[in-house]
Amino acid sequence: MKQYWRFYWPLALTALAMGLSVQFQNATLARYPEATRQLAVLALAYGAYGLFHASLQFVAQLSNVYARSLSATSRSYRFVTFASALLMLPVLAVAWFDAGGTIVEIVYGIDAVLSAQVREYLAYLAPLIAINAQRFYFTGLLVQARLTIRVTTLNFFYLAIVIMGLLSGFVLGLRPVVVVIGSEIVAALVHLALLVLVHQRDYKPPAQPEHEAVTYRELTRFFVGVSTTGVMFAVSRPVLFAFVARMPNALVGIAAMRVAFDFTMLFQQSANQFRHFFVTFGWRELEKKRIFMGVICAGLTVAMLLFALTPLSILVWRDLMAIPEDVRTAAVEVFLVMCLMPVVIIYRNYFHGQLMVERRTTGMAVGGMLRVAGIYTAAATTFALGALDYRVAAWILIGGFFIEAATAQVAAGWCRRSSSD
């Protein structure tokens, strides 16, 4: 159990650092004029950007699984670089071409002025797809070598640069898009340089080389399965935003969902680190692993409830982040629903871990697609009935994750049966 904790806690802190950067972005925008509008624009932009960037969320797992010999490392690195370049192109197209504005207006049901602001954010965000693909790849290598403390240290350094960039840009009176995205790009470039440096200095490949004959077809099959899971997660928010945007007082609802969902990620990303957990330690000692996961799940849930039910939410969101009061009040209601997230995410990731260890990720993709289908059906139905608002949207999101988790459980069962045959 101790080795699990030594491996896990640096990754949990890494998740915290990455989640905190988003909180500082929200806090910065909350101090600009028309704060609610600024937060809503960022939510819509990140929703569209996330459809493509989300494919990269499993790059670290890909390098952890496959980069275990010289040839496999070289081949998987080329694969990730090429795939990220392809993913960046659609984002640039939406940002640069007039047809992109039309698509944004139709999908979100917004006017041309709001669409132009969203597209400007997308133009700045697009390069991050290529940069982050590299960051995630080298992070996976360091996790593979169990250098998780170094990963955590570098991520907090990344957070410090983001904060300095946000503060400097705001003080200098730069435009919101330059401040928010510019600070993230600078921090990502510095972080990447440090990851490469640590990799060259401290990384040691596995003693027993593996996957020396891995093909691009196998890498594609693995990547499509896991990236579909990430994309389906990214689709979930825009689907809900698209329906909520058509309801009365839409900007407040979208801004509140952005604040609550982003704060939830502080806890959800900690739960997501269990994907590395199984890839690194394998599918042995399941009883100990389940107990460890249960303890972490309980701790995350209690922490979320304390935030939602005590004055902590007022201290953080109103006093520290300066979130507008109507947005803050609505965000607390959303966050209370999201307190179910650790349970469903850890339940899901238990089976995701098995599917990745076995390199059978199709079940993950199917689960992600069924989650989005369930979210869309529920959102469309409640919208037609006039019952949809930000609270209902939060319940719909949780329901979608339960659908995905159940699908992963079924897929893992099939995987075990086929392996034993």
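Under this note's numbering, the residue at position 43 of the sequence shown is numbered 43, and the numbers go up by one with no gaps.
All C-beta atoms, glycine included, are put in the ideal place defined by N, C-alpha and C.
The count of Cβ pairs closer than 8 Å, one atom from the segment 150-157 and one from the segment 175-186, stays below three, leaving the stretches out of contact. The residues 374, 378, in chain order, have a CB closer than 7 Å to that of residue 399 in the same chain once the five nearest residues on each side in sequence are set aside.
Residue 251 sits away from residue 28, with the two beta carbons spaced by 8 Å or more.
About 5 Å separates the Cβ atoms of residue 334 and residue 394, confirming a contact at the 8 Å cut-off.
Between residue 39 and residue 30, the CB-CB gap stays under 8 Å. Straight-line measurement puts the Cα of residue 140 at about 15 Å from the Cα of residue 55. In the DSSP assignment, residue 265 falls within the alpha helix (DSSP H) that extends over 250-272. Between residue 261 and residue 62, the CB-CB gap reaches or exceeds 8 Å.
According to the DSSP assignment, residue 127 belongs to the alpha helix (DSSP H) that extends over 112-144. Exposure of residue 290 is indicated by the presence of fewer than 16 other C-beta atoms within 10 angstroms of its C-beta. With at least 16 other beta carbons inside 10 angstroms of its own, residue 317 counts as buried.
By the Cβ-count criterion, residue 413 is exposed, with fewer than 16 other Cβ atoms from all chains shown falling within 10 Å of its own Cβ.
In this structure, the CA atom of residue 119 is about 10 Å from the CA atom of residue 126. DSSP, reduced to helix, strand and coil, places residue 183 within a helical segment of the structure shown. Taking all protein chains shown into account, residue 216 has fewer than 16 neighbouring C-beta atoms within 10 Å of its C-beta and is therefore exposed. DSSP places residue 214 in the coil class of the three-state scheme, outside both helix and strand. Taking a cut-off of 8 Å for Cβ pairs, the segment 131-150 and the segment 198-210 touch, as three or more such pairs fall below it. In the same chain as residue 265, and ignoring 5 residues on each side of it, the C-beta atoms closer than 6 Å to its own belong to 19, in chain order. In its chain, beyond the 5 residues on either side, 239 have a beta carbon closer than 8 Å to the beta carbon of residue 376.
Here the segment 240-249 lies against the segment 99-116, with 3 or more beta-carbon pairs under 8 Å apart.
A direct Cα-to-Cα measurement between residue 272 and residue 32 gives close to 33 Å.
Distances from the CA of residue 326 to each of 254, 372, 295, 307 were compared; the closest alpha carbon is that of 254. For the pair residue 195 and residue 138, the CB atoms are nearer than the 8 Å cut-off. For residue 297, the enclosing alpha helix (DSSP H) starts and ends at 286-309.
Sixteen is the threshold: when 16 or more other Cβ atoms of the shown chains lie within 10 Å of the Cβ of residue 60, as they do, the residue is buried. Annotated three-state conformation of residue 208 is coil, per DSSP. Taking a cut-off of 8 Å on C-beta distances, the segment 161-172 touches the segment 183-194, as three or more cross pairs fall below it. Of the candidates 34, 343, 23, 68, the residue whose Cα lies closest to the Cα of residue 205 is 68. Membership of residue 66 in the alpha helix (DSSP H) is indicated by the continuous run 59-66.
By the criterion of a C-beta distance shorter than 6 Å, residue 92 is surrounded in its chain by 126, once the five residues flanking it on both sides are discounted. Within the same chain, and ignoring the five residues on either side of residue 190 in sequence, the residues whose Cβ sits closer than 6 Å to its Cβ are 161. Within the model, the alpha-carbon separation for residue 213 versus residue 221 is close to 15 Å. Per the coordinates, the alpha-carbon of residue 304 lies some 30 Å from the alpha-carbon of residue 284.
In the three-state reduction of the DSSP assignment, residue 245 falls in the coil class.
Per the coordinates, the alpha-carbon of residue 369 lies some 9 Å from the alpha-carbon of residue 231.
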